[in-house]
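Working notes for the structure below.
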Amino acid sequence: MNYLYILSEDESDDVFYKGCVEKITGEHFELIPRRIRKGGGISKVRKHIPLLLRDINFSGSVENTFFLIALDNDRSPTHPNHEIQEFVYKLPKKEQVKKCRYCEIENLAKQILGTDRNSWPISGAIAVPVQMIESWFLLICDSKKYENEKNLPIFAKQKSEIAKRYYAPNKPSKQLKDLCTDERKNFK
11 MNYLYILSED
21 ESDDVFYKGC
31 VEKITGEHFE
41 LIPRRIRKGG
51 GISKVRKHIP
61 LLLRDINFSG
71 SVENTFFLIA
81 LDNDRSPTHP
91 NHEIQEFVYK
101 LPKKEQVKKC
111 RYCEIENLAK
121 QILGTDRNSW
131 PISGAIAVPV
141 QMIESWFLLI
151 CDSKKYENEK
161 NLPIFAKQKS
171 EIAKRYYAPN
181 KPSKQLKDLC
191 TDERKNFK
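Counting in this note's numbering, the sequence shown runs from 11 upward without gaps.
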């Protein structure tokens with residue numbers, strides 16, 4: 011039996027990432043039963059990353075056990091091209107100072123588990139979908155339509171204040187969650 015720790019923004023994301031891991035590896039995984047958070051969101055994931063990594067480090071080497079830590083990119087600089095961000099100047103100041111989330115997670119893992127990934131007690135992966143997990147969902151549904159990253163919007167919802175300000179004076183087009191809602195209708 012294979013076991014998998016997942017730390018993501020919510021339970022729906024856990025299910026999605028478990029499916030991705032199983033599809034990629036061709037193996038079945040049992041999620042390790044632990045609720046280190048209620049609800050979700052980026053702040054709770056960030057708070058619990060060190061706890062999960064310390065638990066992994068404390069447990070020592072365990073066969074057939076893996077971990078995955080995931081955070082949506084949410085307009086942060088993308089890894090590995092941290093300096094290239096064409097649209098950042100139109101974002102609020104708070105959004106302009108974001109750091110690379112992949113590096114944030116990787117650096118914390120290296121601090122707690124060590125710099126040599128081969129010596130970590132269990133193998134792990136970091137997932138940072140650009141811009142959000144909904145981007146991956148759209149790519150799965152219609153890869154041709156969304157294969158060019160520029161065809162994917164950068165906000166969650168068309169009606170969000172940040173999207174309205176970003177696209178002003180024009181009305182924003184449908185954003186990631188809006189498009190996912192449309193795609194779900196096609197499955198019915």
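Just so you know, even glycine gets a beta-carbon here, dropped at the ideal spot from N, CA and C.
Task: Extent of the continuous beta strand (DSSP E) run through residue 12 - done: 12 to 17
TODO: Kindly indicate the opening and closing residues of the alpha helix (DSSP H) around residue 71.
DONE: Per DSSP, residue 71 belongs to no alpha helix (DSSP H) and is neither H nor E.
TODO: Go ahead and pull the three-state DSSP assignment for residue 164.
DONE: coil
- [ ] Taking only the alpha-carbon atoms, compute the straight-line gap between residue 197 and residue 190 and give it to the nearest angstrom.
- [x] 11 Å
- [ ] In the DSSP assignment, find the unbroken beta strand (DSSP E) run with residue 133 in it and report its ends.
- [x] 133 to 137
TODO: Check whether the stretch 123 to 130 touches the stretch 168 to 181, counting contact only when three or more Cβ pairs, one atom from each stretch, lie closer than 8 Å.
DONE: no
Open item on the list: Just to confirm the assignment, what range does the alpha helix (DSSP H) spanning residue 21 have?
Closed with: 21 to 35
Task: Limits of the alpha helix (DSSP H) - the one that residue 200 falls within - done: Because the chain here runs from 11 to 198, residue 200 falls outside it and cannot be looked at.
- [ ] Check whether the stretch 152 to 163 touches the stretch 102 to 114, taking contact to mean three or more Cβ pairs, one atom from each stretch, closer than 8 Å.
- [x] no
Task: Counterpart residues of residue 80 in DSSP-defined beta bridges - done: 137
Task: Inter-residue spacing [alpha-carbon to alpha-carbon] between residue 73 and residue 124 - done: 19 Å
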